[in-house]
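K.L.:
For the sequence shown, this note's numbering assigns the number 1535 to the last residue and increments by one with no breaks.
C-beta: ideal position from N, C-alpha, C; glycine also.
Before I ask anything, let me first share the structure, which is written out below as structure tokens.
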Amino acid sequence: MLKKMRRRFILAAMAAFGTVMAVLVAGINLGNYYRTTAVRDEMAANLLAREQRAFHRPEAPLPPMADMPGGGPEAEFTTRFFAAHCDRTGHILFLARDHISSIDEDLAREYTQRILSMGETKGYYKEYRYLVSMDERGITVLFLNVADSLQFMRSLFFVSLGAGIISLFLVFLLVLFFSQYAIRPFVENIERQKRFITDAGHELKTPIASIAASADVAAMEHEGDEWIANIQKQTMRLGRLVNDLVALSRLDEERPFPEMAEFSLSDAAWEVAEPFAALARAREKRYSQLIEEKIVVNGDEDSIRQLISILLDNAVKHSDEGGEICLEIYRKRGRACIQVENSCSLPRTADLDRLFDRFYRVDESRSARTGGTGIGLSMALAIIQAHGGQIRAKRPDGEHILIRATIPLAPFS
């Protein structure tokens, strides 16, 4: 349980930091992308207007590039672009390639036809940011070389991503180191609770045994006395409760079963189920079972037997009068399934997830009548978790409750 608590703490811390880093990296790169694109679009729009003016009014002087937004004194030499002037049908009339040398006429025509076929007015195409203008005079497509901007965006993405991954790894190491100190108060509190339960259990055993012995002597002297019979009954119930609490406290230890071995779950289930089948029939309840042969698991056999006993005892006690009880043991996807279903009229408001909470009772009056301690299913949960399995309760319909526990099968079984 302590390992699980530490893993959850580390997972929560890393999920929080990872989310922050992902948002930060995405924010930086998206912000840079939209900012760079806006600057390049502004530059492309100015160059497009300049090229349209040069094509339609060749006698008019052109504004210097240095005066354009995003230009500068070296803009005339560093800005690389070309433009294609077309008629309204898309036929290329003229290609302006004075400011670029890496694109020949055939490639410029290919790029232009590709952009016109896409039907987009602006975007990125290879190493260029293109802008399309359509009016009554025709179509003009401007290609602005933005290789340096694209390279910067790629470099920023990989640098920020790498920094995020390295930061995530370093934070993981720090969280892994400091997590043992962060959960130490919880560990100490749990240890104190376990020591208290164990010590209290041992201290209570002596007076309970003394009360039971005294009640037995009094019962022999006053045979048939209902008060003494009630003392005996409640003493037995209190003794079972103390034993269950001590056993549950031991199940909460880091390794409750230090020595696990392979055993036949099928054989164990047959032996455990036999007395419960007889008990169910004696109480006029319909009992059935389906146990698959040769199911072998690795674990503590006594605790698994106790698990099956808890589930069957719970079903016998809480099934309706004349109800049904069914035990099934089978393989499924590399796991052994232990399933107990019984008829039971639970209220619709019952929280099935809380059935495994200690001392939780769905129906107080019914629990008192059946004499349960309220921690049987808690022990079942602890046993299953100690074996690396899972246990769930569900309601197939309004008249039945089904509890299914799964544990890994033994290797090569």
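Where does Gly-1284 sit, in a helix, a strand or coil, going by DSSP?
P.N.:
Locating residue 1284 in the sequence shown gives position 162, where the first residue counts as 1. Residue state, collapsed to three classes: helix.
K.L.:
Measure the C-alpha to C-alpha separation of Ile-1451 and Thr-1357 and round it to an integer number of angstroms.
P.N.:
Within the sequence shown, the letter at position 329 stands for residue 1451. Within the sequence shown, the letter at position 235 stands for residue 1357. Taking the straight line joining both Cα atoms gives about 35 Å.
K.L.:
Classify Val-1462: buried if its beta carbon has 16 or more other beta carbons within 10 angstroms, exposed otherwise.
P.N.:
Along the sequence shown, read from residue 1 onward, the residue named residue 1462 stands at position 340. Val-1462 comes out buried.
K.L.:
Quick one: is Phe-1203 buried, meaning 16 or more other Cβ sit within 10 Å of its Cβ, or exposed?
P.N.:
Start at 1 with the first residue of the sequence shown, and residue 1203 comes out as number 81. Answer is buried; the Cβ neighbour count reaches 16.
K.L.:
Once DSSP output is grouped into helix, strand and coil, what is the label at Lys-1244?
P.N.:
The residue you call residue 1244 lines up with position 122 of the sequence shown. Correct three-state label for Lys-1244: strand.
K.L.:
With a 10 Å radius around its C-beta and 16 neighbouring C-beta atoms as the bar for buried, classify Thr-1243 as buried or exposed.
P.N.:
One-based indexing of the sequence shown puts residue 1243 at position 121. Answer is exposed; the Cβ neighbour count stays below 16.
K.L.:
With DSSP run on the structure shown, which of helix, strand or coil describes Glu-1443?
P.N.:
Indexing the sequence shown from 1 puts residue 1443 at position 321. Coil, per DSSP.
K.L.:
Apart from the five residues just before and just after Ile-1132, which ones in its own chain have a Cβ nearer than 7 Å to its Cβ?
P.N.:
As a first step, residue 1132 is located in the sequence shown; it is residue number 10 there, counting from the start. Excluding sequence neighbours, Ile-1132 sits near Val-1297, Leu-1298, Ser-1301.
K.L.:
Report all residues from its chain with a CB closer than 8 Å to the CB of Gly-1511; omit the five preceding and five following residues, and keep chain order.
P.N.:
Within the sequence shown, the letter at position 389 stands for residue 1511. Arg-1457, Ala-1527, Thr-1528, Ile-1529, Pro-1530.
K.L.:
CB Ala-1134 to CB Arg-1251, shorter than 8 Å?
P.N.:
Position 12 of the sequence shown, counted from the start, is the residue given in the question as residue 1134. Position 129 of the sequence shown, counted from the start, is the residue given in the question as residue 1251. Cβ distance not < 8 Å, so Ala-1134 and Arg-1251 don't count as in contact.
K.L.:
I'd like to confirm something about Ile-1237: is its beta-carbon nearer than 7 Å to some heavy atom of the ligand FMN, or not?
P.N.:
Ligands are entirely absent from the displayed structure, and the ligand FMN is therefore not among its contents.
K.L.:
Give me the residue from Asp-1435, Asn-1267, Cys-1466, Glu-1313 with the minimum Cα distance to Glu-1199.
P.N.:
The sequence position of residue 1199 within the sequence shown is 77, counting from 1. It is Phe, not Glu, that sits at residue 1199 in the sequence shown. Closest option to Phe-1199, Cα to Cα, is Asn-1267.
K.L.:
Under 8 Å Cβ to Cβ from Glu-1415, same chain only, skipping five residues before and after it: list those, please.
P.N.:
Position 293 of the sequence shown, counted from the start, is the residue given in the question as residue 1415. Result list for Glu-1415: Ser-1388, in chain order.
K.L.:
If you follow the alpha helix (DSSP H) that Leu-1499 is part of, which residue opens it and which one closes it?
P.N.:
Start at 1 with the first residue of the sequence shown, and residue 1499 comes out as number 377. Note, Leu-1499: alpha helix (DSSP H), 1498-1508.
K.L.:
Between the beta-carbon of Ser-1444 and the beta-carbon of Glu-1393, is there less than 8 Å?
P.N.:
For this step, residue 1444 is matched to residue 322 along the sequence shown. For this step, residue 1393 is matched to residue 271 along the sequence shown. Looking at the sequence shown, residue 1444 is not Ser but Gly. In this structure, Glu-1393 does not lie closer than 8 Å to Gly-1444 by Cβ.
K.L.:
Count the other CB atoms, across all protein chains shown, that sit within 10 Å of the CB of Thr-1234; report buried if there are 16 or more and exposed otherwise.
P.N.:
On the sequence shown, position 112 is the one that residue 1234 refers to. It counts as buried.
K.L.:
Between the Cα of Ala-1399 and the Cα atoms of Ala-1176, Asp-1220, Asn-1420, Ile-1430, which residue gives the shortest distance?
P.N.:
Here residue 1399 corresponds to residue number 277 of the sequence shown, with the count starting at 1. That would be Ile-1430, whose Cα lies nearest to the Cα of Ala-1399.
K.L.:
In the DSSP assignment, what residue or residues form a beta bridge with Ile-1451?
P.N.:
Stepping through the sequence shown from its first residue, residue 1451 is reached at position 329. Note: Ile-1451 sits in a beta bridge opposite Ile-1413, Ile-1460.
K.L.:
Could you give the distance in angstroms between the alpha-carbon of Met-1501 and the alpha-carbon of Leu-1401?
P.N.:
Stepping through the sequence shown from its first residue, residue 1501 is reached at position 379. Stepping through the sequence shown from its first residue, residue 1401 is reached at position 279. Going by the C-alpha atoms only, they are around 22 Å apart.
K.L.:
My parser needs the alpha helix (DSSP H) runs of 4 or more residues fully inside the stretch 1208-1240; what are they?
P.N.:
Runs of the alpha helix (DSSP H) inside the stretch 1208-1240: 1227-1240.
K.L.:
When you compare each of Phe-1265, Met-1256, Leu-1524 to Leu-1229 by their alpha carbons, which one comes out closest?
P.N.:
Mapped onto the sequence shown, residue 1229 falls at position 107. It is Phe-1265 whose Cα lies nearest to the Cα of Leu-1229.
K.L.:
Taking the DSSP output, what are the residues bridged to Met-1256?
P.N.:
Looking up residue 1256 in the sequence shown gives position 134. In the DSSP output, where bridge partners are listed per residue, Met-1256 has Ile-1261.
K.L.:
Would you mind sorting Ala-1072 into buried or exposed? The rule is 16 or more other CB atoms within 10 Å of its CB.
P.N.:
Nothing about residue 1072 can be reported from this structure: the residues present for the chain run from 1123 to 1535 only.
K.L.:
Look up Val-1339 in the DSSP assignment and say whether it is helix, strand or coil.
P.N.:
Counting from 1 along the sequence shown, the entry for residue 1339 is found at position 217. Note: Val-1339 maps to helix in three-state DSSP.
K.L.:
Kindly give me the distance between the Cβ atoms of Glu-1127 and Phe-1318, rounded to whole angstroms, as I take these residues to be in contact under 8 Å.
P.N.:
By one-based count along the sequence shown, residue 1127 stands at place 5. By one-based count along the sequence shown, residue 1318 stands at place 196. The residue you asked about is not Glu; residue 1127 is Met in the sequence shown. Actually they do not touch by this definition, with Cβ atoms about 19 Å apart.
K.L.:
Using the C-alpha atoms, what's the distance from Arg-1362 back to Ala-1369?
P.N.:
Taking the first residue of the sequence shown as position 1, residue 1369 is located at position 247. Taking the first residue of the sequence shown as position 1, residue 1362 is located at position 240. Using only the alpha carbons, I get a separation of about 10 Å.
K.L.:
Three or more C-beta pairs closer than 8 Å, one from the stretch 1283-1294 and one from the stretch 1135-1152: is that the case here?
P.N.:
Yes, since at least three Cβ pairs between the stretch 1283-1294 and the stretch 1135-1152 fall closer than 8 Å, the two stretches touch.
K.L.:
Assess, as a yes-or-no matter, whether the stretch 1145-1157 is touched by the stretch 1270-1282 under the definition of 3 or more beta carbon pairs within less than 8 Å.
P.N.:
Enough Cβ pairs lie closer than 8 Å, so yes.
K.L.:
Taking Cβ to Cβ, would you say Ile-1525 is nearer than 8 Å to Leu-1433?
P.N.:
One-based indexing of the sequence shown puts residue 1525 at position 403. One-based indexing of the sequence shown puts residue 1433 at position 311. Yes, Cβ-Cβ distance for Ile-1525 and Leu-1433 is below 8 Å.
K.L.:
Once the 5 residues before and after Arg-1488 are set aside, which same chain residues still bring their CB inside 6 Å of it?
P.N.:
The residue given as residue 1488 occupies position 366 in the sequence shown. With a pLDDT of only 44 at Arg-1488, under 50, the local geometry of the prediction cannot be trusted, and the value read off the model is given with reservation. Closer than 6 Å at the Cβ level, and outside the excluded window around Arg-1488, lies no residue.
K.L.:
Which one or two residues does DSSP pair with Glu-1526 in a beta bridge?
P.N.:
Translated into positions along the sequence shown, residue 1526 becomes position 404. A small fix is needed here, since residue 1526 is Arg in this sequence, not Glu. In the DSSP output, where bridge partners are listed per residue, Arg-1526 has Gln-1461, Arg-1514.
K.L.:
Quick one: grab the DSSP three-state call for Ala-1532.
P.N.:
As a first step, residue 1532 must be located in the sequence shown, where it is residue number 410. Of the three classes helix, strand and coil, the one that applies to Ala-1532 here is coil, per DSSP.
K.L.:
Measure the Cβ-Cβ separation of Arg-1480 and Ile-1497 and say whether it is below 8 Å.
P.N.:
Here residue 1480 is taken as the residue at index 358 of the sequence shown, counted from 1. Here residue 1497 is taken as the residue at index 375 of the sequence shown, counted from 1. The answer is yes: Cβ separation under 8 Å.
K.L.:
If distances are taken between C-alpha atoms only, which option among Glu-1381, Asp-1424, Ile-1426, Ile-1460 comes closest to Ile-1413?
P.N.:
Working through the sequence shown from its first residue, we reach residue 1413 at position 291. Comparing Cα-Cα distances from Ile-1413 to each of Glu-1381, Asp-1424, Ile-1426, Ile-1460, the minimum goes to Ile-1460.
K.L.:
Which partner residues of Ser-1386 appear in the DSSP bridge assignment?
P.N.:
For the purposes of this step, residue 1386 is taken as residue 264 along the sequence shown, with counting starting at 1. Val-1418.
K.L.:
Considering only the beta carbon of each residue, do Leu-1170 and Ser-1255 sit closer than 8 Å?
P.N.:
Here the question's residue 1170 lines up with position 48 in the sequence shown. Here the question's residue 1255 lines up with position 133 in the sequence shown. Result yes, Cβ atoms of Leu-1170 and Ser-1255 sit closer than 8 Å.
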